[in-house]
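One structure below.
Number of protein chains: 2
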Amino acid sequence: MRNIVLEIAYDGSRFAGLQVQKNAVTIQGVVESALEKILKRFVRIKYAGRTDAGVHALGQVVSFSAENAMTAEQFKRALNSLLPLDVRVLGATEAAPEFHPRYSAKKRWYRYIISTSEVQVPFFRNYAFWLRRSIDIDLLNNYAVNIIGVHDFTSFARREPDQKPFREIFECRIRRRGEFVVLDIVANSFLRKMVRAIVGTFLELEKNSEPPERVTEILQAASRSEAGKTVSPGGLYLVKVFY
Amino acid sequence: MRNIVLEIAYDGSRFAGLQVQKNAVTIQGVVESALEKILKRFVRIKYAGRTDAGVHALGQVVSFSAENAMTAEQFKRALNSLLPLDVRVLGATEAAPEFHPRYSAKKRWYRYIISTSEVQVPFFRNYAFWLRRSIDIDLLNNYAVNIIGVHDFTSFARREPDQKPFREIFECRIRRRGEFVVLDIVANSFLRKMVRAIVGTFLELEKNSEPPERVTEILQAASRSEAGKTVSPGGLYLVKVFY
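In order, the protein sequence lines correspond to chains A and B.
Residues 1 to 243, numbered by my numbering, are exactly what the first sequence covers, in order.
Residues 244 to 486, numbered by my numbering, are exactly what the second sequence covers, in order.
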């Protein structure tokens, strides 16, 4: 059995998320459906990160088992001819049997984009969170420093049953790019809705000019109600998974 | 009667074009419907350029007559609270009664965007024309030189009844921007589907390494069948109207 690994990009706007669900269009669903046409049998795919409804990916990683003689490059072409245009295979390789997109991953890089234009730009309505005010980038970066390292992120996530709340943040940086504010965050892995809760919390604290120590207090409280709102999914991108 | 002028931007992806049609969602339709809610009566809007289905605008200009005491700025806010997020009012002013968005316009600037990425980028599927090959920008600019000035553009347009085929092109320039090729064209006005026919023709000529004189021959033939295909609407943007 061969282990085929795909790097895929998708516009999450019309999807109910990555993970397959009954009566909903999902990225996993359209990929498995295209694969079934190629392989003439159903295969389940594995994936690196379960992105939520409306969240995008520039470099999601998925894998599947195949017995036939097609090369990875042939899978890429065949899938791109069958997949809807909002899901694209950027690259394909064959990996060792033990490679697993989620369990083998060492780091994940997510990006969150905020648009600060005076009027919401129609083209970015599904691709950035619109916040019509000036943002203190330096203060956001001071907050970011306080989440670097290993922490209990209970305050910043929707906990799943049996999931440990500790995660290690390697990098978190915010910068201005024209009318956009861009947050890049790299961690070993993320809890559910964690990036969007971090962004929502940082923006609430920044609006009220709260000191960076508040971030540490919120982490230590280990209570979701201590932190801010989960911002909208359209601004979030899974950029890259590192192995 | 006051003459209110709006600058609007829209994502044309889901619209059957600017102009109102029965049983189809149009930009004119949603703007007039929002205005009717504000003014409590139906008003017809006038517009600078009738963009086709799938074509976008960064600076379309529309106007309407109003009797009430709302300021232009209040119209902008009220409309943005009622319009769908893919149509936005960027600015509003009050103009002299004789101002007409189409007849008062002196120049129109359109942009056409081609994406040359190896795999089609899912985020740009409705916002750029995907052409997976290298493009000779210098050759395209040599073609562009030959359409500058006043010409009969019958070969490059879908003629409307009673429409004169002469148009004056002030500027036409092509440049590379990363993985994109961007064509900017400014004219006094355009015939229907003219920009997309020009782009389609230039790309066909360039693919076959035809000399710039072919453009002049095609213009002189004054026959639509002499020129190339009309490329897809998603790459086209009405950037700005000059008065």
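Backbone N, C-alpha and C define an ideal beta-carbon position, used for all residues, glycine too.
In this structure the segment 268-282 of chain B does not touch the segment 218-236 of chain A; the number of beta carbon pairs closer than 8 Å is below three.
Counting only the Cα atoms, residue 320 of chain B lies some 10 Å from residue 326 of chain B. Annotation: Cβ neighbours of residue 80 of chain A in chain B (cutoff 7 Å, chain order): 362. A straight line joining the alpha-carbon of residue 408 of chain B with that of residue 391 of chain B spans about 15 Å. Comparing alpha-carbon positions, the option among A:156, A:204, A:73 lying closest to residue 131 of chain A turns out to be A:204. Across the structure, residue 224 of chain A and residue 153 of chain A are spaced so that their CA atoms are roughly 9 Å apart. Around the beta carbon of residue 398 of chain B, a 10 Å sphere encloses 16 or more other beta carbons of the protein chains shown; the residue is thus reported as buried. Interface with chain B (8 Å Cβ-Cβ cutoff): residue 87 of chain A is included. For residue 345 of chain B, same chain residues with a beta-carbon under 7 Å away, outside a window of 5 residues either side, are 289, 290, 291 in chain order. In the DSSP assignment, residue 303 of chain B falls within the unbroken beta strand (DSSP E) covering 299-309. In terms of Cα proximity to residue 450 of chain B, the closest of B:419, B:388, B:393, B:380 is B:380.
Here the alpha carbon of residue 434 of chain B sits roughly 12 Å from the alpha carbon of residue 394 of chain B.
Comparing alpha carbon positions, the residue from B:388, B:367, B:298 closest to residue 482 of chain B is B:298. Excluding its 5 nearest sequence neighbours in each direction, residue 444 of chain B has C-beta neighbours in its own chain below 7 Å: 399, 461, 470, 471, listed in chain order. Of all C-beta pairs linking the segment 68-75 of chain A to the segment 11-21 of chain A, fewer than three are shorter than 8 Å, placing the two stretches out of contact. Residues of the segment 120-147 of chain A with a Cβ closer than 8 Å to any Cβ of chain B, in chain order: 120, 121, 122, 123, 125, 127. Residue 486 of chain B sits exposed, since fewer than 16 C-beta atoms from the chains shown fall within 10 Å of its C-beta. Here residue 143 of chain A carries a helix assignment [DSSP, helix/strand/coil].
Within its own chain, the residues whose Cβ lies closer than 8 Å to the Cβ of residue 318 of chain B, once the five positions on either side in sequence are excluded, are 247, 249, 281, 309, 332, 335, listed in chain order.
Near chain B, meaning a CB-to-CB distance below 8 Å, the residues of the segment 8-28 of chain A are 9, 10, 11. Annotation: the continuous alpha helix (DSSP H) that includes residue 280 of chain B extends over 270-282. With a threshold of 8 Å between beta carbons, residue 238 of chain A makes no contact with chain B. Distance from the CA atom of residue 414 of chain B to the CA atom of residue 475 of chain B, rounded to whole angstroms, is 22 Å. If only uninterrupted beta strand (DSSP E) runs of at least 3 residues are considered, those enclosed by the segment 87-165 of chain A are 87-95, 107-115, 149-152. For residue 333 of chain B, the closest Cβ of chain A is nearer than 8 Å. Closest in alpha carbon position to residue 43 of chain A, among A:64, A:96, A:26, is A:64.
Between the alpha carbons of residue 179 of chain A and residue 36 of chain A lies a distance of about 43 Å. In the three-state reduction of the DSSP assignment, residue 439 of chain B falls in the helix class. For residue 290 of chain B, the beta-bridge partners assigned by DSSP are B:305.
Rounded to whole angstroms, the separation of the alpha carbons of residue 168 of chain A and residue 53 of chain A is 25 Å. In the structure shown, residue 183 of chain A adopts extended strand secondary structure according to DSSP, grouped into three states. For residue 483 of chain B, the uninterrupted beta strand (DSSP E) segment begins and ends at 479-485.
Beta-bridge partners assigned by DSSP to residue 249 of chain B: B:305, B:335. Look at residue 411 of chain B here: in three-state DSSP terms it is strand.
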